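Asks:
Protein chains: 2
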Amino acid sequence: MNDSPSFHMTPDEFRQAGRAVVDWIADYYERIESYPVLSQVKPGEVRSMLPPDPPQEGETFDAILADVDRIVMPGVTHWQSPNFFAYFPANASGPAILGDLLSSGLGVQGMIWATSPACTEVETHVLDWVVKMLDLPEKFLSSGDGGGVIQDSASGATLCSMLAARERITEFASNERGADGRLIAYASSQGHSSIEKAAMIAGIGRGNLRIIDVDEKYAMRPDRLQEQIEADLAQGLVPFYVAATVGTTSSNALDPLPAIGEICRKYGLWLHVDGAMSGTAALCPEFRYIHEGLELADSYAFNPHKWMFTNFDCDCFFVADRKTLIKTLSILPEYLRNKATESGAVIDYRDWHVPLGRRFRSLKLWFVIRHYGLEGLRYHVRRHVKIAQEFVRWVEGDADFELAAPAPLNVACFRHRGGDAVNQAIMDRVNAGGEMFLTHTKLDDRLTLRMSIAQTNTERRHVEKAWRLIREAAAAVTAEQA
Amino acid sequence: MNDSPSFHMTPDEFRQAGRAVVDWIADYYERIESYPVLSQVKPGEVRSMLPPDPPQEGETFDAILADVDRIVMPGVTHWQSPNFFAYFPANASGPAILGDLLSSGLGVQGMIWATSPACTEVETHVLDWVVKMLDLPEKFLSSGDGGGVIQDSASGATLCSMLAARERITEFASNERGADGRLIAYASSQGHSSIEKAAMIAGIGRGNLRIIDVDEKYAMRPDRLQEQIEADLAQGLVPFYVAATVGTTSSNALDPLPAIGEICRKYGLWLHVDGAMSGTAALCPEFRYIHEGLELADSYAFNPHKWMFTNFDCDCFFVADRKTLIKTLSILPEYLRNKATESGAVIDYRDWHVPLGRRFRSLKLWFVIRHYGLEGLRYHVRRHVKIAQEFVRWVEGDADFELAAPAPLNVACFRHRGGDAVNQAIMDRVNAGGEMFLTHTKLDDRLTLRMSIAQTNTERRHVEKAWRLIREAAAAVTAEQA
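Next comes the structure, spelled out in structure tokens:
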């Protein structure tokens, strides 16, 4: 029920309800470890609590918030729990949440510079900061021919890089006449699924995405890449694009950028580098080796919404040649014409990604960088890597378990020596227990458990407990089988 | 400076900073009319106030918030001002801002059902509510073969509909082998630029997007559509997709869906209907005529982030046949395999759009619907239409001005009879004055002013003042020219 004749929330009602939500979130973080990390609801259980029809009359904010507790919370898997070790993280943090809140409150739509100059300029500026923070190649700075933009996700970045590559190789003919079925893209067998999805969307076809073998570290083999390019050229096909990964989702493998980059240069292929999670490690000088060879890349993306404590969605996408990207995605209807755009003095980010509209997403990234400073961000990256390396040593020191892949940073792939069924049972058991959540992959066709140690609030004690739970589950599972 | 050894914001620090941001937003809405609606900064002015390098050490939240006032605010164009009449609105509202805040706080990533069942189920459920609220065809309900999903924007929805259409006509061969250069899409000359962008991205090529003439109301001419389809078929081309619009961006024209739909049925073309702004009008039974013929569509999208008071980004995209959409965008890497997905009992929304990751965006839509109720939402739609119709009568009653297009709902296209230069000068003058912001289009190659009357807080008095400012500007401009 809403007594205001206008039905809108008044500023004072907003103050009151806003405080309630802020307190709700603070309380949530204080009690987050009391929830089962992985939601235990059955399909349809949440929907069954929602009324079949929308309300005719408005309801009080208290009633809505109460339903969040009653209906939503049982169906939440707690990505912000320090006991979340699944997938890659999608980290929130206080300054990011509040930067996003301010963005919602301002409600600006930054499709072009003129529709809110600050939305564009803060983004360009903060992305230049990020180039410096990660010591990325200078060509990604907006002061030269390149520049950065916030995309929704690494999937969006991969798609845009593939589109720009498609247009570069066809001299912008694909945009006019449609994609060319002879274009060939390359990624390793460990590359992210978004590469295949981009090939489908961009009209390349997944049949024209060549899957390159990996070495014993699950990293792309440059020799195989070159052989495949030569084989495709011999058939009259047109190699145009390579997606390399710095920290694969499956095992955190690092593709050898220098060798891949040289091949791309030699054959004129666009090199896109996906550092979605691991790119953040380059905040610390000692981990910057992961980007060795990045100066040979045409584009690069990493997600502050993973390991840099900035709420989803926030993918930083950099290109060395912004003109090609802009020409690839540019449209200019009459109703968006304006003097600033025509002067050429401004960036219109609508031409840097798929959507036209865009939120003021750089606010949350700006808030995070300023709140933590480089010092604070490095502290947490180093802390996570250190704990993960301890976990690796615990695995290596246990005769029942083995490490399944190199663990250069903060992801450990490991398995019980008892085989796939035992590992599946261990995973199901610990996840059903609610005290932790981890996920799996397959390496060499064997079920492999993954501990991704990167959640904002994860401390050593959470990982210690996780290791204890895993070993207890293993003991129970093997006892049952005996 | 951050005294906490962990650098994280503690829950208590979050409570305090959160209240400061909530109060900042409430204050902002109270003083919003004191800002120039259109930012008056010059290119580079915002950036020039930002330090060249990121901070080494963290800063206080107070310092960050002070810089929002000092650096960001001069560069903001105030989309939430009641004097914003430009483009289409991107409306915020109290319940939407707080639903989004809760989403940021929870920080869940709903790429698949299992990663937060509530994120998926609330979305499916609320989108079913929306079908009922707008009285859309039942085939868009999730209980049948269809269903809805929240996309980032109408651009994303248009792209996904074109991809699904591409795969339907090629029997999923384009996904495998690349797009087919013989596929032909259709839209009117008044269709949104995102249709052209989608044709570029999807490998169709903008040369294969046929631009269909419009009638005197700027609506697509079905006779011309049919002629063009026949001409393309005669050339051995493959017509596959029509994008029709309910409320074009340029003039709010309504394409005749029944006739277009019959043609699409006859030739087996996918019909996508874009109701980005105007779709919201269908909340009111008296405006539901705009969707007449929608039962012939394969997909439909409208944006609650425009006229339904739900913060950007929130586009509701509905398909009649979800299997085709899912098959078009589906990828399943090992690390996302899980029992719920394999049971087939759940929706995994990652297969309904471009990105893999996704925020809990349905929370804000759920909050808005519950806060306002159907009653409150209808109240505002009716109010905006009523004020816009008054504005239309003021234009019609003034000998110096003319209406430039029919104004069925809340957008009025009009012009001074003095020609393009006068209209440009009027627009520049009122926008430079800072008391209002309106934009233009071209109709029949003549510069045309647009008043889009749909901002959350716009009341009759704001439109009255706008009309006064426009007439004063016209008088000043014509006096200068005399």
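If you read the sequences in order, they're chains A and B.
Position 34 of the first sequence, counted from 1, bears residue number 36 in my numbering, the numbering being contiguous throughout.
Position 232 of the second sequence, counted from 1, bears residue number 234 in my numbering, the numbering being contiguous throughout.
Beta carbons are placed, not taken as given, at the ideal position from N, Cα and C, and that holds for glycine.
Remember, predicted model here, so these are calculated numbers, not experimental data.
Can you name, in chain order, every residue of its own chain whose Cβ lies under 7 Å from the Cβ of Pro-224(B), other than the five neighbours on each side?
Replies: Here the set comprises Pro-258, Ala-261, Ile-262, Ile-265.
Asks: Should Phe-9(B) be labelled buried (16 or more other beta-carbon atoms within 10 Å of its own) or exposed?
Replies: Buried is the call here.
Asks: Nearest to Asp-300(A) by CA position, among Val-465(A), Arg-384(A), Thr-250(A), Leu-143(A), is which residue?
Replies: Considering only alpha carbons, the answer is Leu-143(A).
Asks: Give the secondary structure of Phe-242(B) by DSSP, where H, G and I count as helix, E and B as strand, and everything else as coil.
Replies: Correct three-state label for Phe-242(B): strand.
Asks: Compare the C-beta of Thr-460(B) with all C-beta atoms of chain A and state if any pair is closer than 9 Å.
Replies: Cβ-Cβ to chain A under 9 Å: no for Thr-460(B).
Asks: Using the beta-carbon count (16 or more within 10 Å), is Leu-440(A) buried or exposed?
Replies: By the 10 Å Cβ count, Leu-440(A) comes out buried.
Asks: Quick one: Cα of Gly-270(A) to Cα of Tyr-188(A), how far?
Replies: For Gly-270(A) and Tyr-188(A), the distance between alpha carbons rounds to 13 Å.
Asks: Within this structure, are the beta carbons of Pro-56(A) and Gly-375(B) separated by less than 9 Å?
Replies: Yes, they are a contact pair.
Asks: Taking 7 Å as the limit between beta carbons, can you name the residues of its chain near Pro-410(A), skipping five residues before and five after?
Replies: Here the set comprises Asn-254, Leu-256.
Asks: Quick one: complete alpha helix (DSSP H) runs, 4+ long, within the segment 234-291 of chain A?
Replies: List check, alpha helix (DSSP H) in window: 259-269.
Asks: Nearest to Ile-455(A) by alpha carbon, out of Val-424(A), Met-113(A), Met-438(A)?
Replies: If we check each option's Cα against that of Ile-455(A), Met-438(A) comes out closest.
Asks: Would a check of beta-carbon distances place Asp-5(B) closer than 9 Å to chain A?
Replies: Below a pLDDT of 50, predicted positions are generally treated as unreliable, and Asp-5(B), at 45, falls in that range; the measurement from the model is reported next regardless. Not closer than 9 Å to any Cβ of chain A, the Cβ of Asp-5(B) fails to qualify, so no.
Asks: In the segment 240-273 of chain B, which residues sit with their C-beta less than 8 Å from some C-beta in chain A, listed in chain order?
Replies: Of all residues in the segment 240-273 of chain B, Thr-251, Ser-252 have a Cβ within less than 8 Å of some Cβ in chain A.
Asks: Could you name the residues of the same chain whose beta carbon sits closer than 6 Å to that of Cys-121(A), not counting the 5 residues immediately before and after it, in chain order?
Replies: Within the same chain, Cys-121(A) has close Cβ partners Val-110, Gly-112, Phe-362.
Asks: Can you tell me where the alpha helix (DSSP H) with Val-413(A) in it begins and where it stops?
Replies: Unbroken run through Val-413(A) is the beta strand (DSSP E), 413-418; no alpha helix (DSSP H).
Asks: Is His-293(A) helix, strand or coil by DSSP?
Replies: Helix, per DSSP.
Asks: Determine the DSSP secondary structure at Met-3(B), reduced to helix, strand or coil.
Replies: Residue placement at Met-3(B) cannot be trusted, given a pLDDT of 38 that sits under 50; the coordinates are not used to answer.
Asks: Which chain B residues are close to Asn-210(A), counting only those with a beta carbon under 8 Å from its beta carbon?
Replies: In chain order: Arg-179, Gly-180.
Asks: For the alpha helix (DSSP H) holding Tyr-374(A), just list the boundary residues, first then last.
Replies: Unbroken alpha helix (DSSP H) run through Tyr-374(A): 364-398.
Asks: Here's the rule I'm using: 16 or more other beta-carbon atoms within 10 Å means buried, otherwise exposed. How should Lys-366(B) be labelled?
Replies: Buried, by the Cβ-count rule.
Asks: How many Å lie between Thr-480(A) and Ile-472(A) at the Cα?
Replies: Each residue's alpha carbon lies about 12 Å from the other.
Asks: Using a Cβ-Cβ distance cut-off of 9 Å, determine whether Lys-219(A) contacts chain B.
Replies: Answer no: the Cβ-Cβ gap between Lys-219(A) and chain B never drops below 9 Å.
Asks: Taking the alpha-carbon positions, what's the Trp-354(B) to Gln-153(B) distance?
Replies: Roughly 9 Å between the two C-alpha positions.
Asks: Name, please, each residue of chain A whose Cβ falls closer than 7 Å to the Cβ of Val-48(B).
Replies: By Cβ distance, chain A contributes Pro-119, Ala-120, Glu-123, Val-124.
Asks: Chain B partners of Val-23(A), CB-CB under 7 Å?
Replies: Here the neighbours are Leu-100, Leu-103, Leu-104.
Asks: Helix, strand or coil, according to DSSP, for Tyr-188(B) in the structure here?
Replies: Note: Tyr-188(B) maps to strand in three-state DSSP.
Asks: Taking DSSP as the reference, what is the three-state secondary structure of Lys-219(B)?
Replies: If DSSP states are grouped into helix, strand and coil, Lys-219(B) belongs with coil.
Asks: Tell me the residue span of the alpha helix (DSSP H) that contains Asp-154(B).
Replies: Premise fails: Asp-154(B) is in no alpha helix (DSSP H) and is neither H nor E.
Asks: Can you look up Val-321(A) in the DSSP assignment and give me helix, strand or coil?
Replies: Strand at Val-321(A).
Asks: Closer than 9 Å, CB to CB, is Leu-52(B) near chain A or not?
Replies: True, the Cβ-Cβ gap to chain A drops below 9 Å.
Asks: On the criterion of 16 or more Cβ atoms from any shown chain inside 10 Å, does Pro-54(B) qualify as buried, or is it exposed?
Replies: That one is exposed.
Asks: What three-state label does DSSP hand Phe-403(B) in the structure shown?
Replies: It is a strand residue.
Asks: In whole angstroms, give me the CA-to-CA distance for Phe-403(B) and His-386(B).
Replies: If you take the alpha carbons of Phe-403(B) and His-386(B), they lie about 22 Å apart.
Asks: Give a yes or no on whether 9 Å exceeds the smallest Cβ distance from Trp-489(A) to chain B.
Replies: Any question about residue 489(A) goes unanswered here, given that chain A covers just 3 to 484.
Asks: Less than 7 Å between C-beta atoms, sequence neighbours within five positions excluded: which residues of the same chain meet that for Arg-198(A)?
Replies: Per the sequence presented here, residue 198(A) reads as Glu, with Arg not at that position. Cβ neighbours of Glu-198(A) beyond the five flanking positions: Arg-208, Leu-211.
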